[in-house]
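Take a look at the structure set out below.
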Amino acid sequence: MHRYLVLGINHKYAPLEVRERLAYPERKVPGALKHVQQCLGTDEAVLLSTCNRVEIYAFSEGLDARDKLLAALAADHGMKPEYLEKLCYFHRGRDTIEHLLRVCGGLDSLVLGETQILSQVKRSYLLAQSESSTGKQLNALFHRAFHVAKRLHTDTGIGHGQVSVSSVAVRFVKRIFDDLASKTALLIGAGEVGELTLTYLREAGIGRVVVVSRSLDRAKEIAERYKGDAVPVNLLEDYLPGADVVISQTAAEDRILSKAQFARSQKHRRHAPVFALDLAVPRDIEESAAELEGVFLYNVDDLEHVVAENTGERSRELEQCAAIVRQEADLFLASFQTYSAGPLITELREKAIAVKNAELERVLAKLPDLTEAQRSELAAFSERLVNKLLHPQIQGIKQEASRGDEDSIRRIAMALGIDKANEATEPDAQVQPAPDDATTRPDVRKN
Amino acid sequence: MGPAALVTLHASILLFLIAAIISVIALLQPRKVRMAWADWTGAAGAFCLGAYFIARFTEAGSEPFTNLFEVIELAGLCLVLAYFIATRMRKLPALGAFAFPAVAIIFIVNLAFADSAAQGHESTPLLVIHVLLTLLSYGAFFMASLAAVMFLVLERALKKHQDPTLIRSFPPLESLKRLVDTCILVGLPLLSLGLVLGFIALSPSGWESIVRNPKIPPSLVLWAVLLLVAAGRWLGFLRGRRNFYMVLLGFALVVMTFVGLGVWSRSNSRVQTAAVVGKVSCIGT
Chain A
1 MHRYLVLGIN HKYAPLEVRE RLAYPERKVP GALKHVQQCL GTDEAVLLST
51 CNRVEIYAFS EGLDARDKLL AALAADHGMK PEYLEKLCYF HRGRDTIEHL
101 LRVCGGLDSL VLGETQILSQ VKRSYLLAQS ESSTGKQLNA LFHRAFHVAK
151 RLHTDTGIGH GQVSVSSVAV RFVKRIFDDL ASKTALLIGA GEVGELTLTY
201 LREAGIGRVV VVSRSLDRAK EIAERYKGDA VPVNLLEDYL PGADVVISQT
251 AAEDRILSKA QFARSQKHRR HAPVFALDLA VPRDIEESAA ELEGVFLYNV
301 DDLEHVVAEN TGERSRELEQ CAAIVRQEAD LFLASFQTYS AGPLITELRE
351 KAIAVKNAEL ERVLAKLPDL TEAQRSELAA FSERLVNKLL HPQIQGIKQE
401 ASRGDEDSIR RIAMALGIDK ANEATEPDAQ VQPAPDDATT RPDVRKN
Chain B
1001 MGPAALVTLH ASILLFLIAA IISVIALLQP RKVRMAWADW TGAAGAFCLG
1051 AYFIARFTEA GSEPFTNLFE VIELAGLCLV LAYFIATRMR KLPALGAFAF
1101 PAVAIIFIVN LAFADSAAQG HESTPLLVIH VLLTLLSYGA FFMASLAAVM
1151 FLVLERALKK HQDPTLIRSF PPLESLKRLV DTCILVGLPL LSLGLVLGFI
1201 ALSPSGWESI VRNPKIPPSL VLWAVLLLVA AGRWLGFLRG RRNFYMVLLG
1251 FALVVMTFVG LGVWSRSNSR VQTAAVVGKV SCIGT
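Line by line, the protein sequences give chains A and B. The first sequence begins at 1 in the working numbering and counts up by one. The second sequence begins at 1001 in the working numbering and counts up by one.
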């Protein structure tokens, strides 16, 4: 059980400047997964990279997994592991399970109870699956996490009265402009939140929509949905002065709009106000553009802090959510441990069936005059006998396994003379948690 | 001052004070208190103030601008009317939270400092038009100043990515900017015309009386500042926050002129007679 582990960095402990440096563009995820697998010597790893967090989930043995993961993360981004060590958290075993359940349920998000993270985790999981980077263990954990996320949102009020980043962005737009019908929104890139913001702007009555994307086909597709115009990315600067609201969410690794570009645009606009929303991580718009007169530049953190202030009633649901997470983690652990007794049960059944088959063969050889119907009846009788004799034993093994009593399982296996029991329980037995093994959080984050 | 005028005057001041308190609470607690309540209270205050002027007119038998106190009261009425006109023309929530406290403060300061003794002076239709035009322009500049303050507060909050309750009911930046522009566009011609009429009214008594009138220099400076703001805005050499700071400077000059003159006239009756009334006073400016 201690082999489930996660190393990550999130909005609570690292500023946007650090998070954007550690973010993985989707095209780099397969390579990063292979790197993690090589470093840990495991087949199972999932990499979650969103604007608020970068987390690596793995199923691996070894006490030095944390250092290996840190080294892999640092190497991927050309950073020193010692620097990351101060900012990253590491969980092992049950803490990893509870952490993932909390993440999927939006309990670890800045916007408490948000649901967008669930789709992001699902996407990351499917990507890892398509790269054959998940196995039985992570599959079981992630499926449980998706189930728990749904339960948290249906059984509690954690998602009630939620304010999204997009709706807050539109609220700020309305604080600047009084007549949206005469305004133009420029969407750069094709991000989910960017499109959602555009939807809200359309509902608020924005006059014109222009979509810019590296792929003109993709731009046309989005523009068609919002009854707007599609423009190739090389014309971005030409369209900037006409835009009153700029929403940018590209996967570009460098800034795509500089302060100088905004300065030129503002000169054309005679310094009329422009609301620039940078939803990308790494950011698309140079931060210093906010210094220009009339430019109101907001990034993900700026909006999420406003959203987080509006948690209201939802924070009262946290206690109930925490109880559900604990309960579901217990259930998962129990099912996982029962599952770990699987090889023992299989071996036991195989041995019993082998004995039954040998004895049946011997009896049938002594009774050659039996009819076919009688032979079948005898075979069925022996089958039922084996099942009935094994049933209480299998139930007992499952019960012991669900308690996580590995010694007990091992004793049963030894008593039954079954080797595979060791295979089922040995890895967990090997990984003894170090004193700070379960959860490692640097002190720096408490400051 | 007769009992009717006295009652209506004090009732109006009290109502403006209540409107100011309601409007500030409405700004901070918009869910509990509505700005409309302040508007209704302010409207009642304006009604009482109107009744006061009618009572004074009835008492005096002529236009009731017999002293600085009454001129400031009339200016206050113009400010309130400017507020109601602006808010009826455009949706400008939260403006009342700035307008009513400002009016209440003006009235209280006026009550405390301005001289209310009746001064005998020769009134001419030209002088009355001069006073009305000038006070109406002050009303417009008052609105421009309120909008400028709100613009500066809102712009700073938006730049700093803040979302305090205070700004949630503010009108959008664009509305505030447009309000400032409109008020200056309306106020500047009114003030220019008022000043010209004032000079014409003063001219029979010679340039000496113009030079000796303490309200003339600040009035001219105010006019120059507002002309600079208007020109700067339309020609593009004065923009953004600087533009709004200049508007505030202009209105501060108006307030300083009146407050300074009120204090001065109380403490120096000789100067008061010469400056405020004289033989042909320039009350509005």
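Beta carbons: idealized from backbone N, C-alpha and C, even for Gly.
inquiry  = Quick check on the burial criterion: 16 or more other C-beta atoms within 10 angstroms. Buried or exposed for L1164(B)?
reply    = Note that residue 1164(B) corresponds to Pro in the displayed sequence, not to Leu. Counting C-beta atoms within 10 angstroms of its own C-beta, P1164(B) has fewer than 16 neighbours from the protein chains shown and is therefore classed as exposed.
inquiry  = For R1031(B), count the other beta carbons within 10 Å of its own beta carbon; 16 or more makes it buried, fewer makes it exposed. Which is it?
reply    = Exposed, since its Cβ has fewer than 16 Cβ neighbours within 10 Å.
task = Measure the Cβ-Cβ separation of D76(A) and H35(A) and say whether it is below 8 angstroms.
result = Against a cut-off of 8 angstroms, the Cβ pair of H35(A) and D76(A) comes out as a contact.
request  = Whole angstroms is fine: what's the gap from T1008(B)'s alpha carbon to L1188(B)'s?
outcome  = Take the alpha-carbon of T1008(B) and the one of L1188(B): they are about 32 angstroms apart.
inquiry  = If we define contact as Cβ-Cβ less than 8 angstroms, is K1032(B) a contact residue for chain A?
reply    = Answer no: the Cβ-Cβ gap between K1032(B) and chain A never drops below 8 angstroms.
inquiry  = Please return the same chain residues whose Cβ sits closer than 6 angstroms to the Cβ of A243(A), not counting the five positions on each side in sequence.
reply    = Excluding residues within five positions, the ones whose Cβ falls inside 6 angstroms are T184 and L186.
task = Determine which residues of the segment 261–280 of chain A have a Cβ less than 7 angstroms from any Cβ of chain B, and write them out in chain order.
result = If the cut-off is 7 angstroms between Cβ atoms, the segment 261–280 of chain A has R270, H271 and P273 near chain B.
ask   = Along chain A, in chain order, which residues have C-beta atoms closer than 8 angstroms to that of K1215(B)?
value = Residues of chain A whose Cβ lies closer than 8 angstroms to the Cβ of K1215(B) do not exist; the shortest such Cβ separation is about 36 angstroms.
key: A1005(B) burial status per 10 Å Cβ neighbour count (16 or more: buried)   = A1005(B) should be labelled buried.
task = Would you list the residues sitting across from H147(A) in a DSSP beta bridge?
result = Within the DSSP secondary-structure output, H147(A) pairs in no beta bridge.
task = Name, please, each residue of chain B whose Cβ falls closer than 7 angstroms to the Cβ of K174(A).
result = Result: P1172.
request  = Would you tell me roughly how many angstroms separate the C-alpha atoms of D155(A) and C321(A), rounded to the nearest one?
outcome  = Between D155(A) and C321(A), the C-alpha separation is close to 9 angstroms.
message = In whole angstroms, give me the CA-to-CA distance for L1111(B) and E1070(B).
response = Rounded to the nearest angstrom, the two C-alpha atoms are 10 angstroms apart.
task = Starting from the beta carbon of D1181(B), find every residue of chain A whose beta carbon is closer than 7 angstroms, and list them in chain order.
result = Proximity of chain A to D1181(B) at the Cβ level (cut-off 7 angstroms) is not reached, the minimal Cβ distance being about 13 angstroms.
inquiry  = Just verifying my parser: in three-state terms, what is the DSSP assignment at V1016(B)?
reply    = Going by the sequence as given, residue 1016(B) is Phe instead of Val. The three-state reading of DSSP puts F1016(B) in helix, counting H, G and I together.
key: Residues near K174(A) by beta carbon distance below 8 angstroms, same chain, minus five either side   = Excluding positions up to five away in sequence, the list reads L180 and A204.
ask   = For chain B, is any of its Cβ atoms less than 8 angstroms away from the one on P15(A)?
value = So, not an interface residue.
key: Heavy atom of the ligand GDP within 7 angstroms of R171(A) beta-carbon   = The ligand GDP is not among the ligands present in this structure, which contains no ligands whatsoever.
query = Which residue comes first and which comes last in the beta strand (DSSP E) that contains R53(A)?
reply = For R53(A), the uninterrupted beta strand (DSSP E) segment begins and ends at R53 to F59.
inquiry  = Tell me which residues share the same chain as A71(A) and place their Cβ nearer than 6 angstroms to its Cβ, disregarding the 5 neighbours each side in the sequence.
reply    = Excluding positions up to five away in sequence, the list reads P81.
Cross-strand partners of G8(A) (DSSP beta bridge) = G8(A) is bridged by DSSP to E55(A) and Y89(A).
ask   = Do three or more CB pairs link the segment 1129–1142 of chain B to the segment 1071–1081 of chain B at distances below 8 angstroms?
value = Result yes; three or more Cβ-Cβ pairs closer than 8 angstroms.
query = Which of helix, strand or coil does DSSP assign to L1185(B)?
reply = When DSSP states are grouped into helix, strand and coil, L1185(B) belongs to the helix group.
ask   = For the beta strand (DSSP E) that contains P232(A), what are its first and last residues?
value = Its beta strand (DSSP E) spans residues D229 to P232.
Start and end residues, beta strand (DSSP E) containing L1074(B) = Counting along the chain, L1074(B) falls outside any beta strand (DSSP E), though it belongs to the alpha helix (DSSP H) covering L1068 to M1089.
key: Three-state secondary structure assigned by DSSP to S248(A)   = If DSSP states are grouped into helix, strand and coil, S248(A) belongs with the strands.
request  = Using DSSP bridges, identify the partner residues of D407(A).
outcome  = Per DSSP, none; premise fails for D407(A).
Residue ranges of each alpha helix (DSSP H) within the segment 270–331 of chain A, 4 or longer = Complete alpha helix (DSSP H) runs here, min 4: 300–308.
ask   = Residues in the segment 1148–1168 of chain B with C-beta within 9 angstroms of chain A's C-beta atoms, listed in sequence order?
value = The residues in question are L1154, E1155, A1157, L1158, K1159, H1161, Q1162, D1163, I1167 and R1168.
ask   = Apart from the five residues on each side of it in sequence, which residues of its chain come closer than 8 angstroms, Cβ to Cβ, to V1153(B)?
value = Closer than 8 angstroms at the Cβ level, and outside the excluded window around V1153(B), lie L1166, I1167 and F1170.
task = From the DSSP output, in three-state form, read off L1195(B) for me.
result = Correct three-state label for L1195(B): helix.
message = Against chain B, does E85(A) count as a neighbour if the rule is that its beta carbon must be under 8 angstroms from one of theirs?
response = Residue-level contact by beta carbon fails for E85(A) and chain B, as no gap is shorter than 8 angstroms.
ask   = From E195(A) to H1161(B), what distance separates their C-alpha atoms?
value = The alpha-carbon atoms of E195(A) and H1161(B) are separated by roughly 22 angstroms.
request  = Please determine, among S49(A), L47(A) and L344(A), the residue with the shortest C-alpha to C-alpha distance to K398(A).
outcome  = It is L344(A).
key: Residues within the segment 280–299 of chain A neighbouring chain B, beta-carbon criterion of under 8 angstroms   = Listed by position, the residues of the segment 280–299 of chain A near chain B (Cβ gap below 8 angstroms) are A290, E293, G294, F296 and Y298.
message = Counting beta carbon pairs with one atom in the segment 21–28 of chain A and one in the segment 110–117 of chain A, are three or more of them shorter than 8 angstroms?
response = Output reads no: the segment 21–28 of chain A does not touch the segment 110–117 of chain A.
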